[in-house]
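Keeping their order, the protein sequence lines are chains B and Y. Under our numbering, read the first sequence as residues 4 to 496, first letter to last. Under our numbering, read the second sequence as residues 4 to 496, first letter to last.
Number of protein chains: 2
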Amino acid sequence: MSITTVACVGGGVIGAGWVARFIENGIDVNVYDPAADAQSKMQAVLDNADRAYAKLTMAQRPNKGAVVYCNSVEEAVKAAQWIVESVPERLDIKHAVYADIEAHAASDAVIASSTSGIMPSDLQSQLKHPERLIVAHPFNPVYLLPVVEVVGGTKTIVDTIERAKSFYSSLGMKPIHVKKEIEAFVADRLLEAIWRESLWLIKDGITTTEELDDIVRFGFGLRYAQMGVFETYRIAGGEAGMRHFLAQFGPCLTWPWTKLMDVPEYNDELVELIAGQSDAQSGHYDIRELERIRDDNLVAIQQALKANEWGAGLVLADYEKKLFDAGAKQSGDDQSIDESQVIRTTQRRVPPDWTDYNNHMNEARYLQCFGDASDAFMRMIGCDADYIASGGSYFTAETHIRHLDEVGVNQPIYTQTQVISGAGKKMHLFHSLHHGDGRLLATGEHMLIHVSLETRSASEPSPDILVNLTRIADQHAKLPMPDGAGRAVGQKR
Amino acid sequence: MSITTVACVGGGVIGAGWVARFIENGIDVNVYDPAADAQSKMQAVLDNADRAYAKLTMAQRPNKGAVVYCNSVEEAVKAAQWIVESVPERLDIKHAVYADIEAHAASDAVIASSTSGIMPSDLQSQLKHPERLIVAHPFNPVYLLPVVEVVGGTKTIVDTIERAKSFYSSLGMKPIHVKKEIEAFVADRLLEAIWRESLWLIKDGITTTEELDDIVRFGFGLRYAQMGVFETYRIAGGEAGMRHFLAQFGPCLTWPWTKLMDVPEYNDELVELIAGQSDAQSGHYDIRELERIRDDNLVAIQQALKANEWGAGLVLADYEKKLFDAGAKQSGDDQSIDESQVIRTTQRRVPPDWTDYNNHMNEARYLQCFGDASDAFMRMIGCDADYIASGGSYFTAETHIRHLDEVGVNQPIYTQTQVISGAGKKMHLFHSLHHGDGRLLATGEHMLIHVSLETRSASEPSPDILVNLTRIADQHAKLPMPDGAGRAVGQKR
């Protein structure tokens, strides 16, 4: 069953982050949060998410889901297939909210608690249908960080866990099933350990908050973005791996520096020390600026890892592939290509990193658009990934671009393609690049040559491709020659 | 005083990482390590570093420093200005090595210990010249992670600290001065806290090493690559910042999940549990593969942060700027431009992310090369960043590219530029792209128009630019018209 409507009870930073993750994936959300400023605070998170998703992927996403602000738990949950609880971390409050939910929700709607500490067995202890409760613990910003800890209680059934893993994966997340309950689960155990140690280091005057943060982000933080604790140390162990590392460092577990395990006293002095240093460190950014810097960095890091086919980048790549497939399917369903006219080959928005110091799309990206259009046309005639893997492809031999208008970041753009001629080894294409409003931005005239990837020299394409290419070329031959075709640089029409 | 010769005493993973960092920055290194396999193990690290630096920056780096393997401490240190000690973590061993160093080294050579735990005051207690000892604690891989903790002892003088900060910065590193001594300093306190907690989580069967690692690298690890502990939580505190965060989470310092502070017993059972899980998780990669995956990711993450002008990316950008400046200065010293001939405008190597599914440089990158060549030529005639900031620039109106040959990853390439005509608002350039061996890869013919960035329409360039452009255009008019100029797509010569 595909989830189309989710209820979010509690709309703080985490609840709002869930709402953003859902609606960016085309899911409608009913929100209930009794706080007077809940709606305006949530809108700030949704705005950030919109901005981040525009950069995260070029794939066409489903139409954004709707947010309905409700006046009661009943109103929020009655039509929901999935219910996210993100209310304050007190068991009595959560039990009261669950009673309200069970009074009005479908009995098979999953209840997913965002708690960062309370064990699911305690959460589900008073439920009529405890088998459908899980903890799904996400991390801020929920709309960008892939991980979600999925934890069941003693009464949670396997089917609920499986549904959760499948649902969160479909949202571009990486669900990790924590199979044994423990208070605070896994990530927050680790984060608490760092936090406790960090407080001591500040309190004892060893370092400032800024120095400590720099030691993290210029050092092991870079490692942790791509490999975790054990894989990192496995490498440190060299050829002999983890056993060698443990032999080397296991004994020092009892050394003095691992014994700093009291908790510092939480008092005004500690608060002022830390908050004062934090102001000195980050106070020149307002919180929205910091959030956007963070989001831009998280997007860029995940894209960098995608290029390396690793870790969080693989999750992003899988997510995009699903989006691309869905987009391709949708195009196929909605319309078949009219080969008698110029063909819509690509559409996207201008990514932020495509613009240059002149604040418009860099000239090289025009050619990228036309290259992508050529690729799309190649796929249409059968020169797809499988064909290329079999040893044939088209290489561009020659290109003529006319830059007619500028286009800025995040603007919608599309390409159209006309076949000037297509026969034998040659394919002569004329692309036009348009703003979403139809305005002509550039034209790209291209001569492509079919090559054998083995010999790297010109060769005949497969008979299937040749049939498809010539069929379209014959129809396009009846179209007027496009304006600007066949011209040299600087040549007047 | 510029450091040209360093001694490295101890050549394990950390010592070898230092050697790599030094020689990639043009510094000669004398190494002493008595282990029989020290040289072959070090070579593996140096190979990795070579590979990573080829990807890290396109800037021209200084000629690689030489490594000399020495037969004694004396031989290694006698001519060194900087001495790195990376011997086993036992104070008696370190004291003995220091005595040997002081017997043979210049008295003002800095002694920098790579210790990850011992306090510098203890290290320097028996030195004749204790004022020159520091701890400079780096992180694996030393050649790629920017951070180095710089710690002085009670007898260390300020000048030594300042020299260290300056030296490590020149190597593309981010030195953080830890101003108060503590065993294990800062990063390893935090890492020990995570490690201790991780061991419990595995031992208690809450999670496996792979699940724990995934929870890190798909979650908070992505955050820590760009913001540290305190800045991250400042954001979590929302508008009210760190004070609000502390008010919310300070009290829970005494909650049960922060109390798991014993150390697990180090025994065979624990070793087998962890090493077995680690084998299941990562055993399908050999250690070299893992190191290279890690290095590629660290490079990509730092480049991603560079594009966002943040954190470790800023360190990389500073480092590259110094390299580019040094390269430009060197070019300026070596030769002045001969304006009567075609002009060498750019040179670089093909970055890994410039290649596509056909395993050669993607067509869009050809235009990027030509765009960069146009930019370089613009700077030569005075259309530089200052001029653009004042409101004028050249936009490309038209482009004709002939793709003549393929080029693969990491290959050296350069561009040459000939002015076809240059007068008034128009600049007609003809670039050629060559492999480092001279082979012609492509030609790019471009019509650029000078524009006012305010009106976004054509305008006259400044008189200075016009003078420079016409002077070169007049000289280039005497050159033969380049092959392929003035042609339309598909037009025979």
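For each residue, glycine too, the CB sits at the ideal point set by N, CA and C. This one's a predicted model, so the numbers in the text were calculated from it and none came from an experiment.
Query	Result
Distance cutoff 8 Å, beta carbons only. Does Y:H403 sit that close to anything in chain A?	Checking the listed chains, one finds no chain A in this structure; the protein chains it contains are B and Y.
Would you mind sorting B:T7 into buried or exposed? The rule is 16 or more other CB atoms within 10 Å of its CB.	exposed
Would you call B:P259 buried or exposed, if buried means 16 or more other Cβ atoms sit within 10 Å of its Cβ?	Any reading at B:P259 is ruled out, since the residue's pLDDT is 49, under 50, leaving its predicted position unreliable.
Given a cut-off of 8 Å on the beta-carbon distance, is the pair B:L301 and Y:I304 in contact?	no
By the 10 Å Cβ neighbour count, where 16 or more other Cβ atoms means buried, how is B:G411 classified, buried or exposed?	exposed
To the nearest angstrom, report how far apart B:Y171 and B:D162 are at their CA atoms.	14 Å
In the region 437-454 of chain B, which residues sit with their C-beta less than 8 Å from some C-beta in chain Y, listed in chain order?	E448, H449 and M450
Would you identify the three-state DSSP class for B:E366, choosing helix, strand or coil?	helix
Apply the 10 Å Cβ neighbour rule to B:V470 and answer buried if 16 or more other Cβ atoms are within range, or exposed otherwise.	exposed
I think Y:T212 touches Y:Q284, with their Cβ atoms under 8 Å apart; what is that distance to the nearest whole Å?	5 Å
Can you tell me whether Y:S377 is buried or exposed, with buried defined as 16 or more other CB within 10 angstroms of its CB?	buried
List the whole-angstrom C-beta distance separating B:S116 from B:E88, where the pair is believed to meet the contact cut-off of C-beta under 8 Å.	5 Å
Given B:H107, which residues of its chain have a CB within under 8 Å of its CB, disregarding the five upstream and five downstream residues?	V76, E77, V80 and K81
Express the C-alpha separation of Y:D341 and Y:D111 in angstroms, rounding to a whole number.	47 Å
Could one say the Cβ of Y:Q127 lies closer than 8 Å to chain B's Cβ atoms, at least one of them?	no
For B:H406 versus Y:E463, is the C-beta distance shorter than 8 Å?	no
Write down every uninterrupted run of the alpha helix (DSSP H) in the region 85-135 of chain Y whose length is 4 residues or greater and which is fully enclosed by it, in chain order.	94-107 and 123-126
Looking at the secondary structure, which residues open and close the alpha helix (DSSP H) in which B:H247 lies?	G244 to F252
Within 10 Å of its beta-carbon, does B:D477 have 16 or more other beta-carbons around it, so buried, or fewer, so exposed?	exposed
In the DSSP assignment, the alpha helix (DSSP H) including B:T60 goes from what residue to what residue?	Unbroken run through B:T60: none, as it is neither H nor E.
Do you know how far the Cα of B:I164 is from the Cα of B:P141?	15 Å
For Y:I218 and chain B, any beta-carbon pair shorter than 8 Å?	yes
Within the continuous alpha helix (DSSP H) that includes B:I277, where are the two ends?	D271 to S285
What residues in its chain sit with their C-beta under 6 Å from that of Y:T446, if we drop five residues either side in the sequence?	R405, S435 and G487
Any chance the CB of Y:T7 is under 7 Å from a heavy atom of the ligand PLP?	The ligand PLP is not part of this structure, which contains no ligands at all.
For B:S460, which residues of its own chain have a beta-carbon under 7 Å away from its beta-carbon, when the five flanking residues on both sides are left out?	V454
Leaving aside the five residues before and after B:T60 along the sequence, list all residues of the same chain whose C-beta is less than 6 Å from its C-beta, in chain order.	E323
Closer than 8 Å by C-beta to B:H247: which residues in its own chain qualify, once you throw out the five before and the five after it? Chain order, please.	G240 and G241
Could you list which residues in chain Y have their beta carbon closer than 8 Å to that of B:F221, in chain order?	L148, P149, V150, K177, I179, G314, A315 and V318
Quick check on B:V2 - is its C-beta less than 8 Å from some C-beta in chain Y?	There is no way to answer for residue 2 of chain B, as the model of chain B reaches only from 4 to 496.
Please give the ranges of any beta strand (DSSP E) in the region 371-444 of chain B, keeping only runs that are unbroken, at least 3 residues long and fully inside the region.	395-406, 415-426 and 429-438
Rounding to the nearest angstrom, what Cα-Cα distance links Y:P91 and Y:Q42 in this structure?	17 Å
Would a check of beta-carbon distances place Y:K183 closer than 8 Å to chain B?	yes
Y:S201 touches chain B at which residues, Cβ-Cβ below 8 Å?	L193, V232 and F233
Kindly list the residues whose CB is nearer than 7 Å to the CB of B:S201, restricted to its own chain and excluding five residues on each side of it in sequence; keep chain order.	L215
In three-state terms, what does DSSP make of B:G240?	coil
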